[in-house]
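Position in the first sequence (first residue = 1) + 25 = our numbering. C-beta atoms are modelled at their ideal positions from N, C-alpha and C, and glycine is treated no differently. Remember, predicted model here, so these are calculated numbers, not experimental data. To start, the structure under review is shown below, and the notes come after it.
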Amino acid sequence: MIDDQAQTPDPQPPTPDTFYVTTPIYYANSAPHLGSLYTTIIADTLARFHKQKGSETYFLTGTDEHGVNIERRAIERGLAPQAYVDDVVRQFKESFAQFGVDTEHGGYDIFMRTTAAFHYQGVSRLWRTVRAARTPKGNEPIYKNFYEGWFCAACAAFKTEDEYSKPESDEDAPRCLVHLTALDRVAEESYFFRLSDYADTLIELYEAKPSLIQPEARRNEVLSFLRSGLQDLSISRLVSSNSWGIPVPDDATHTIYVWFDALSNYITAIGYGNEERETVAGFEKYWQHVTHLVGKDILRFHTVYWHSFLLAAGLPLPEVVYAHGMLLDRDGRKMGKTLGNTIELDILHKHFTNDAIRYFCLREVVFGQDGRVGYEAMIDRTNSDLASGLGNLAARTLTMINRYCGGIIPNGELKEADYIHARRAGVQPDALELASTVELARDQYVQLFESYQFSRALEVAWSIIARIDKFISDAKPWELAKDETQRQTLNVVLYRAAETLRWLAVLLAPVMPDATDALWRQLGLSMDSTTHAHRINPRSLKWNGLTEGTKINASEAIFPRLDKTKIMNDIETDITSNQTAAPPTETTSAIAEDKSALPSSPASSADALPEGVASFITIDDFIKVEMRVGQILTAERVPKADKLLRFTVDVGESEPRQILAGIAEYYEPETLIGRRIAVVSNLAPRKLRGFESQGMVLAASVEGGRPVLATFTEDVPNGARLK
RNA sequence: GGCGGGGUAGCUCAGCCGGUUAGAGCGUGAGAUUCAUAACCUCAAGGUCGCGUGUUCGAGCCACGCCCCCGCUACCA
């Protein structure tokens, strides 16, 4: 039955003719990390999605390369600032190329750099335009005043709140976190932007257009910030404080300070203030449909500040500013060098395909919310959704077409004479119901994608996979194949499955360009650039698009299953060798020094670890592990499990514990009864083969993985704690 | 402190304007099956819906109080 409740989409969906998406330009004081890759992958996917729908798209990413922090970092390395940022940019570009989001692989259209000459031109023009304008309250937007702040003489820089330690009392001055010296209260001449005059205007605009700032919760935060009133913003520094920046037009004693410089990149990149760029990209063409993707931590700068600058310059505001969440480790903690819980891009790249990473970023992490990321979760996702889901569906379908139809897409139409056979096999004679289900899912998918709900969109796509998996299981083509009278029913079943795969390839092309490419080829479809999956508007998909008689291509797994144990072990090894790698030869860590690292902890990550030790833990970490003496009371094999033994162990509690251990290949259960062993007693219980294991037995692992149980040679009471 | 968002199955979360046996995915267990990547299909497990009081014929969904968690509360990308 057709779901006629479904909203019929407009006959000609209003596709904007252009789409411009930006990531933030990443601060060039360190090598790229997972956070920058994440945003860039989302932007890349969005760009591909809109391109697929027929829009002209422009995708910007890049680096912000000015400021005292960078200048200082360059000096530390004995480099000129320009040489230093050139090197960082090289790393960014290499990394982005590895993950397939560069121009070469169909990714970004420009890698924007604030040190580009045309950017200097554009920023200068913006400054002059703003300077000549008037605020909504009739004032000059830019004026000279004194910027007062906490200044570190040793750093020769002003310090922000998170760069100094708060004083014990109000009497004392805060201290520099780098030098531990007291900071001076210093005032320096600076140009100010009259931000305070824009609050009311912004509130009105934001209330009139709720979609401008998303998600809604973030929009509320911005509004509440605006309602609390704005202070003017210092937008320049004396050259003596910061020489590494763009000079203030007509005043060589100042450089333009951070935000005014950095945010402007989004317009200078497409031609604001430079005719050559205007020709390459097109300010008029793209600025009207720009989407800024930003981390939630920099949302305010991309709304309040940036929009005020644009208003002052008489330019239109962006269409959407979307704040995404932060990526956290698997326990929900912030990733950091100090915790050693970061996801390293080189390790990521080594063990996962780009498609799997992209899928994970869009499916596992709810866009707009913080997300937990871990290698283990990535493997699980890849195996359950990609290998067992889409990959397996493709494999079983294509294998059967090969086996039963000679590798040719069969005829998908049933003649009326065949209806009775089809019905007998439980197959609907016409494809109406299936087609309308898939169409409805397609509509939902596109709609969700357009509203940035990638995770839910992919859930919908996967409901199609489940639908076809069930369809195949119910129709049982392998049985139809044994019955000559069911020849055409078999054809129809396989046609419908293959046709659905074609739809999936189109829907998922922006998310997983490589895999959908492979699927497309395997289906025997045209790799021609105009008829390829990544060029087909999902809204224009029509059922029965597969041509009978098309030769499919020999299939190989689109998403090979990952060996979780092996990969986790390999990753463990990689992490260890990364940590012990000598810093001097390793540019990444040399410049990626964590700015929040306290000088009071002289121990750096470069400290040598004893041979064979992966990393140090603190005594606090150790105390979390509770180990006790236990005595094995019973021991037996677990049925249908060749490696598992099931014990009951007395660990000094009122009831003995049930503990399972994978040592059945090496120990006879009877020989173990009565033995005293070491047990981890506060391990979270886990079910294995239907039995809950309430702890872990400790054993040495020797050659070939053979376990040797830890035992005691002296008398010890059950339950005694190991320390 | 102020403003905002949350606390629902082991985990991650859906639950629209309050209405019969509270849902999904993953994980777990059982069954069936063999086209397929230990896959796919079927079934199951029984969660005081943070706590309390109240409104109502009826509350996870409303009101009040309490407990806990998170975000924002400005010049750093």
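Within this structure, are the beta carbons of residue i and residue j separated by less than 9 Å?
{"i": "D222", "j": "P166", "result": "yes"}
{"i": "Y231", "j": "L251", "result": "yes"}
{"i": "D89", "j": "V283", "result": "yes"}
{"i": "Y168", "j": "L258", "result": "no"}
{"i": "F334", "j": "L288", "result": "yes"}
{"i": "L459", "j": "R492", "result": "yes"}
{"i": "K321", "j": "M351", "result": "yes"}
{"i": "Y655", "j": "V722", "result": "According to the sequence shown, residue 655 is Gly rather than Tyr. Cβ atoms of G655 and V722: closer than 9 Å."}
{"i": "A486", "j": "L457", "result": "no"}
{"i": "T154", "j": "H91", "result": "no"}
{"i": "L227", "j": "T328", "result": "yes"}
{"i": "P274", "j": "R156", "result": "yes"}
{"i": "A523", "j": "L548", "result": "yes"}
{"i": "S480", "j": "E389", "result": "yes"}
{"i": "Y51", "j": "T86", "result": "yes"}
{"i": "L3", "j": "R671", "result": "In this structure the chain extends from 26 to 748, so residue 3 is not present and cannot be described."}
How many Å lie between residue i and residue j at the Cα?
{"i": "F392", "j": "N245", "result": "17 Å"}
{"i": "P435", "j": "H557", "result": "21 Å"}
{"i": "D29", "j": "A466", "result": "Note on D29: pLDDT 34, under 50, position unreliable in the model; the coordinate value appears next. So the alpha carbons of these two residues sit roughly 13 Å apart."}
{"i": "V638", "j": "N603", "result": "Here the model assigns V638 a pLDDT of 36, short of 50, so the residue's position is not dependable, and the following value carries that caveat. Looking at the two C-alpha atoms, the distance is approximately 13 Å."}
{"i": "H130", "j": "R159", "result": "45 Å"}
{"i": "S61", "j": "D499", "result": "45 Å"}
{"i": "G147", "j": "N94", "result": "23 Å"}
{"i": "E300", "j": "G125", "result": "30 Å"}
{"i": "R115", "j": "V46", "result": "22 Å"}
{"i": "G729", "j": "A99", "result": "Low confidence applies here, because G729 scores a pLDDT of 46, under 50, leaving its location unreliable; read the following figure in that light. So the two alpha carbons sit approximately 49 Å from each other."}
{"i": "I616", "j": "F496", "result": "Bear in mind that a pLDDT of 21 at I616, under 50, signals an unreliable position, so the number given afterwards is only what the model happens to contain. Cα to Cα, the separation comes out at about 55 Å."}
{"i": "A306", "j": "Y83", "result": "8 Å"}
{"i": "D134", "j": "G298", "result": "19 Å"}
{"i": "A198", "j": "A402", "result": "46 Å"}
{"i": "D646", "j": "G357", "result": "In this prediction, D646 scores a pLDDT of 47, lower than 50, which makes its location untrustworthy; the coordinate-derived value is nonetheless stated afterwards. One C-alpha to the other measures close to 17 Å."}
{"i": "V733", "j": "L669", "result": "15 Å"}
{"i": "E309", "j": "D42", "result": "12 Å"}
{"i": "Q313", "j": "P502", "result": "52 Å"}
{"i": "L205", "j": "I372", "result": "36 Å"}
{"i": "R564", "j": "D468", "result": "7 Å"}
{"i": "D599", "j": "G399", "result": "15 Å"}
{"i": "K362", "j": "N267", "result": "28 Å"}
{"i": "L566", "j": "W528", "result": "7 Å"}
Indicate the three-state DSSP secondary structure (helix, strand or coil) for residue i in the structure shown.
{"i": "E369", "result": "coil"}
{"i": "H204", "result": "coil"}
{"i": "K184", "result": "strand"}
{"i": "K591", "result": "helix"}
{"i": "M552", "result": "coil"}
{"i": "F124", "result": "coil"}
{"i": "Q239", "result": "strand"}
{"i": "W175", "result": "strand"}
{"i": "A745", "result": "coil"}
{"i": "E81", "result": "strand"}
{"i": "I702", "result": "strand"}
{"i": "Q511", "result": "helix"}
{"i": "F584", "result": "coil"}
{"i": "M652", "result": "strand"}
So the candidates are the options; which of them puts its Cα closest to the Cα of residue i?
{"i": "L59", "options": "A703, K234, E369 and T88", "result": "E369"}
{"i": "E229", "options": "H279, C177, P161 and S413", "result": "P161"}
{"i": "C201", "options": "Y52, A178 and V211", "result": "A178"}
{"i": "Y477", "options": "S236, R653 and W312", "result": "S236"}
{"i": "T9", "options": "S409, H559, H144 and G570", "result": "With the chain covering 26 to 748 only, the question about residue 9 has no answer from this structure."}
{"i": "I295", "options": "R325, Y216, R448 and F143", "result": "F143"}
{"i": "D380", "options": "L415, M360 and N366", "result": "L415"}
{"i": "A277", "options": "S261, S289, N290 and A287", "result": "S261"}
{"i": "N417", "options": "T226, E581 and T280", "result": "E581"}
{"i": "R653", "options": "V674, A703 and L697", "result": "A703"}
{"i": "E241", "options": "W528, Y347, D356 and D494", "result": "Y347"}
{"i": "L49", "options": "L248, T226, H349 and R527", "result": "Checking the displayed sequence, the identity of residue 49 turns out to be Pro instead of Leu. Of the candidates L248, T226, H349 and R527, the one whose C-alpha sits nearest the C-alpha of P49 is H349."}
{"i": "N164", "options": "A337, I66, E661 and E695", "result": "A337"}
{"i": "F385", "options": "T590, Q77 and I67", "result": "I67"}
{"i": "G432", "options": "T575, T367 and L483", "result": "T575"}
Entirely within the region 277 to 328 and at least 3 residues each: give me those beta strand (DSSP E) ranges in chain order.
Taken in chain order, the unbroken stretches of beta strand (DSSP E) that lie wholly in the region 277 to 328 and span 3 residues or more are 315 to 320.
Alpha helix (DSSP H) segments (min. 4 residues) lying fully within the region 342 to 416
Taking only runs of at least 4 residues, the alpha helix (DSSP H) segments lying wholly in the region 342 to 416 are 370 to 376, 379 to 388 and 400 to 406.
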